[in-house]
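So the protein sequences, as listed, match chains P and D.
In terms of our numbering, the first sequence opens at residue 1 and continues consecutively.
In terms of our numbering, the second sequence opens at residue 384 and continues consecutively.
Note that the Cβ used here is the ideal one computed from N, Cα and C, for glycine as well.
On a predicted model such as this, the values are computed, not experimentally measured, just so you know.
Structure first, commentary second.
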Amino acid sequence: MAESSADETGGENIPRFEPNYLNSQVIHVESFRKLWLDALPPDLYSYETNPEEVEDAKLAELLELPIETLNELKDICSVNSLRSHPDDSPVDQNVVPSDPKLACLRLRKRRQDYRETLVRDTIGRHENYSNELESAHKGLLPEDPTSVIPEGEIILSFNIIYPVIFDRFKHVRAHQTLQVLGSQKLTELRDAICCVGDLQVFGEFSNIPDATPQYISKDHFKSAFFYFEGVFYNDMRYPECRDISETIREWAKTHGFPEYKTAKMEDTTFYELRMKIGYPYYYCHQGDCEHVMVLTDIRLIHPDDCRDRTLYPLLTHKHRVITRKCCVCHLYISRWITTNDRLAPMDPCLFCDKCFRMFHYDAKGNKLYDFQAYVYVDPGVFN
Amino acid sequence: MFQMHKFEEPLKTDLEELLGRFQRTNSVRYEDFSSIWRDMHFDEIFYGTKNQLEQSEFSRMALSAATPYFLPPYSFQIRVGGLYMLYALYHTQRSFPPRRIRMALKDWGDVQAFTQDALNSQHHDVLYILHQLLTIKAFRFTAMQVPLTFSRDQKPVIPEAEVVAEQSSRPKKLVTTEMLEEMANIHEHYKQLKTSVSAKHPEASLNLVRQNLVPKLFNAVVDFSTWQNSQMAGDKDGQPASYEEEPSTSSSLNQQMESSKRAELLASIKSRSYGQVVEVTKSRRHRQGEVCGDTTAGPCEDPGPQLDPARVSLLRRRRRQLNSLKCRTLSCLNETGKQTFLHTFYTVLCLGV
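Here's what the structure looks like:
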């Protein structure tokens with residue numbers, strides 16, 4: 001073995017980089033958790049912080065020092081020793097100090113000076129709230145004490161990338177980040193992924209605009225699968241679910257790929273998975289709505305994290321999409337899309353509900369001319 | 384949004400300067416570190432971050448940039464400096480709740496060994512600070528040092544020091560004493576077998592293999608390492624090179640040698656690559672590269688794959704182009720006077736028409 005510690009027991013489950021330095025080797029999630037729990041004394045990953053006296057006594061015992069010497073040590077190493085400004089002359093921390101010597105500050109100063117020259121300050125409110133999702137659940141305790149997550153649980157963060165390519169912004173990977181617990185089932189993650197593909201309503205409704213059915217495609221087509229490390233995990237919770245990975249496996253068989261395995265999504269927890277961190281995997285639903293997903297991080301739960309089991313999978317990041325507005329009022333988000341509409345400015349054309357009715361129907365609700373109308377679900381509905 | 388990645392380079396420069404000054408004190412005491420910290424006004428590094436997102440993002444970057452110095456292959460003193468740096472950055476950061484330090488599973492063993500080292504040599508302040516950080520749960524126990532996203536902009540995170548430390552000893556690693564012994568044994572065995580099989584002309588069949596393979600191999604490795612040593616010594620202006628020595632945690636003098644050597648090595652690499660000009664291609668004859676007189680004025684680059692001279696000259700070229708067209712036109716206006724410029728301008732216009 002090239003790695004010196006790899007021959008130890010469980011050494012292959014210590015995540016290390018693959019030679020491309022982009023993703024880790026394959027690890028088994030449960031064994032990874034075990035390795036951490038074996039390596040750490042329990043008070044390092046518990047939620048409670050010991051009172052200071054207890055910790056001091058512990059440290060004094062470890063160092064074989066009298067408490068007085070320890071207190072002296074504490075004074076020397078106190079956080080106050082790091083302040084370069086005395087307490088009686090406070091400085092404004094929001095402004096870069098004049099004549100900075102650090103390279104970072106020189107850069108920030110340049111930016112600050114530039115920003116001051118701008119006539120219109122471009123910083124909008126949205127920047128103040130941009131990490132709202134991330135910080136909303138920090139250290140949240142559940143009301144019901146039975147749903148507290150046990151200490152030493154594993155949290156996995158998944159980036160689920162939208163199946164769109166922004167031509168002009170190829171460096172932006174529009175994604176949502178979901179945190180799941182190791183003990184959760186794959187189906188719980190599948191239900192938490194929000195995609196407009198699940199919300200589509202099929203059919204042409206220009207004759208009966210009031211009678212749009214309430215069934216969305218998520219209710220009609222329930223099959224979906226994840227693909228992780230050579231295994232297709234199919235969602236088979238309902239009788240109408242089908243193994244939609246079959247087509248891919250058939251194709252792979254005729255093209256000289258190794259045989260792929262299948263498993264049931266509802267029977268698998270994240271602990272049982274063997275995955276690479278940082279490696280692109282695959283989620284497919286609605287037959288052909290395909291998402292690349294990346295497991296970005298695995299870690300032990302920390303007191304900072306949300307401790308309410310019922311809130312997981314937890315959405316911590318969401319890419320905001322610009323909503324498409326009605327082409328008449330340019331104000332409301334579109335709900336209808338029409339084709340073969342001779343009075344519309346373009347084909348297809350988007351309308352909000354109100355403008356759509358005023359434009360295409362008379363007061364009694366009769367269709368004025370011939371066109372086709374479909375329900376439109378805007379990708380920005382989740383914003 | 385804030386183009387935070389542009390802070391990576393300056394952040395590294397700052398941290399390395401702090402560590403460099405700490406190294407020159409030849410001590411592992413916290414008082415020395417904190418006096419340097421105060422002297423450099425290092426807590427100001429978080430000043431001027433306006434909103435929460437920027438604060439937390441910058442804290443994340445600062446902590447993750449400082450973490451590698453706390454881990455091997457750096458020497459014990461640097462690692463102590465790295466630990467102090469983490470402690471100081473963690474407590475002076477402005478983001479709330481504070482950003483935590485990420486600790487990868489594979490590094491935890493090293494941290495424990497470090498604690499044992501400190502315990503053996505009775506560095507109480509080191510132990511206190513590490514204990515303090517663990518008590519307030521400043522660490523997050525993760526799988527990897529950074530979250531990985533497989534982004535196409537993501538540069539591979541190759542630990543630079545590791546590259547430097549490992550390359551020199553790779554042939555040695557491959558050819559160990561046990562391996563040589565094993566090889567000699569196999570050779571012996573092979574010889575015996577051959578002689579037993581072909582009774583008539585054992586020499587003829589034995590001539591197919593090299594007779595003294597093992598000593599030859601050993602000599603080659605020794606030759607290579609002496610050559611490498613002399614190369615290293617040449618880099619440092621004739622200083623005796625002791626690169627083969629393992630950095631031992633016990634003798635502090637050795638570590639300082641080791642670490643200051645690295646700085647000197649960096650400087651020498653830099654001066655060499657800035658000191659030479661590359662022949663540019665035919666199409667770029669009019670843009671020949673020049674040598675800058677001042678070596679310190681160059682852009683602060685890592686020693687590594689980027690340091691090939693073609694890239695340096697490219698950088699220089701880019702720097703020269705910094706002035707915009709408008710700027711250049713205006714300066715041209717100032718130099719030649721408005722009248723002449725307008726005259727040329729009109730002439731050009733007329734010709735164009």
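Please list the partners that D/A587 has in chain P, where partner means a Cβ-to-Cβ separation under 9 angstroms. Under the 9 angstroms cutoff, chain P gives no residues; its nearest Cβ is about 40 angstroms from D/A587.
Starting from the C-beta of P/E151, find all residues in its chain whose C-beta is less than 8 angstroms away, skip the five residues before and the five after it, and write them out in chain order. P42, Y45, S46, Y47 and I301, listed in sequence order.
So, is the C-beta of D/M562 closer than 9 angstroms to a C-beta in chain P? Not one chain P Cβ lies under 9 angstroms of D/M562.
Looking at the structure shown, is P/Q372 part of a helix, part of a strand, or coil, going by DSSP? DSSP places P/Q372 in the strand class (E or B) of the three-state scheme.
So, helix, strand or coil for P/C327, using DSSP? Reduced to three states, the DSSP call for P/C327 is coil.
DSSP three-state assignment for P/L40, whether helix, strand or coil: The answer is coil: DSSP assigns P/L40 none of H, G, I, E or B.
Please list, in chain order, the chain P residues whose beta carbon lies closer than 9 angstroms to that of D/G403. By Cβ distance, chain P contributes nothing, its closest Cβ being about 13 angstroms from D/G403, past 9 angstroms.
Could you tell me the distance, in whole angstroms, from the CA atom of P/G365 to the CA atom of P/Q214? So the alpha carbons of these two residues sit roughly 21 angstroms apart.
What residues in the region 93–111 of chain P have a beta carbon less than 9 angstroms from any beta carbon of chain D? Hits within the stretch, in order: Q93, N94, V95, V96, P97, P100, K101, L102, A103, C104, L105, R106, L107, R108, K109 and R111.
Can you tell me the Cα-Cα spacing of P/Q112 and P/V95, whole angstroms? Within the model, the alpha-carbon separation for P/Q112 versus P/V95 is close to 8 angstroms.
Distance check for P/F32 and P/R274, CA to CA, integer angstroms please. P/R274 and P/F32: Cα-Cα distance of roughly 10 angstroms.
Check the C-beta distance from P/S385 over to D/L531 and give it rounded, since I have them as a contact under 8 angstroms. Any question about residue 385 of chain P goes unanswered here, given that chain P covers just 1 to 383.
Would you mind reading off the limits of the beta strand (DSSP E) that contains P/R338? Note on identity: in this sequence residue 338 of chain P is Thr, with Arg being the wrong assignment. In the DSSP assignment, P/T338 falls within the unbroken beta strand (DSSP E) covering W336 to T339.
Is the CB-CB distance between D/R462 and D/L454 below 9 angstroms? Yes, these two residues count as a Cβ contact at 9 angstroms.
Compute the distance between the beta-carbons of P/Y162 and P/Y227, then report whether it is under 9 angstroms. Cβ atoms of P/Y162 and P/Y227: not closer than 9 angstroms.
Pull up the distance between the alpha-carbon of P/L63 and that of P/I298, whole angstroms please. C-alpha separation (whole angstroms): 34 angstroms.
Return the residue from the list P/P258, P/I67, P/L181 and P/G203 that minimises the CA-CA distance to P/T310. With distances taken between CA atoms, P/T310 lies nearest to P/L181 out of P/P258, P/I67, P/L181 and P/G203.
Given this structure, state the Cα-to-Cα distance separating D/R404 from P/I154, to the nearest angstrom. In a straight line, the C-alpha of D/R404 is about 40 angstroms away from that of P/I154.
Buried or exposed by the 16-neighbour rule on C-beta atoms within 10 Å, applied to P/M293: With 16 or more Cβ atoms within 10 Å of its Cβ, P/M293 is classed as buried.
Against chain P, with Cβ distances strictly below 9 angstroms, would D/Q499 count as a contact? For D/Q499, the closest Cβ of chain P is not nearer than 9 angstroms.
From what residue to what residue does the beta strand (DSSP E) around P/V292 run? First-last of the beta strand (DSSP E) with P/V292: C289 to L300.
Compare the Cα-Cα distances from P/D378 to each of P/V196, P/Q184 and P/L70 and report the closest residue. Measuring from the Cα of P/D378, the nearest candidate turns out to be P/V196.
Given 8 angstroms as the limit, is there contact between the region 387–406 of chain D and the region 231–241 of chain P, that is, 3 or more CB pairs closer than that? When C-beta atoms of the region 387–406 of chain D are compared with those of the region 231–241 of chain P, fewer than three pairs fall below 8 angstroms, so the two segments do not count as touching.
To the nearest angstrom, report how far apart D/M468 and D/P451 are at their CA atoms. Going from the Cα of D/M468 to the Cα of D/P451 covers about 11 angstroms.
Closer than 8 angstroms between beta carbons: that is the criterion. Which residues of the region 172–201 of chain P meet it against chain D? Only R173 from the region 172–201 of chain P bring a Cβ to less than 8 angstroms from some Cβ of chain D.
For D/E414, return the contacting residues in chain P, with the cut-off set at a CB-CB distance below 7 angstroms. Listed along chain P are I76, each with a C-beta nearer than 7 angstroms to that of D/E414.
Roughly how many whole angstroms lie between the Cα atoms of P/Q176 and D/D397? Roughly 34 angstroms between the two C-alpha positions.
Which residue wins for smallest C-alpha separation from P/D75, given the options D/K489, D/A445 and D/H507? Cα-wise, what sits closest to P/D75 is D/H507.
Classify D/Q386: buried if its beta carbon has 16 or more other beta carbons within 10 angstroms, exposed otherwise. D/Q386 should be labelled exposed.
Which residues bound the beta strand (DSSP E) around P/C349? C349 to F351 is the span of the beta strand (DSSP E), which, as asked, contains P/C349.
Using a Cβ-Cβ cutoff of 7 angstroms, what residues of the region 294–307 of chain P are near chain D? List them in chain order. Close to chain D, meaning a Cβ-Cβ distance shorter than 7 angstroms, are the following residues of the region 294–307 of chain P: V294, T296, D297, I298, R299, L300, H302, P303 and D304.
Which same chain residues, not among the five before or five after P/H85, have their C-beta less than 7 angstroms away from its C-beta? So the list reads V91, once near-sequence residues are dropped.
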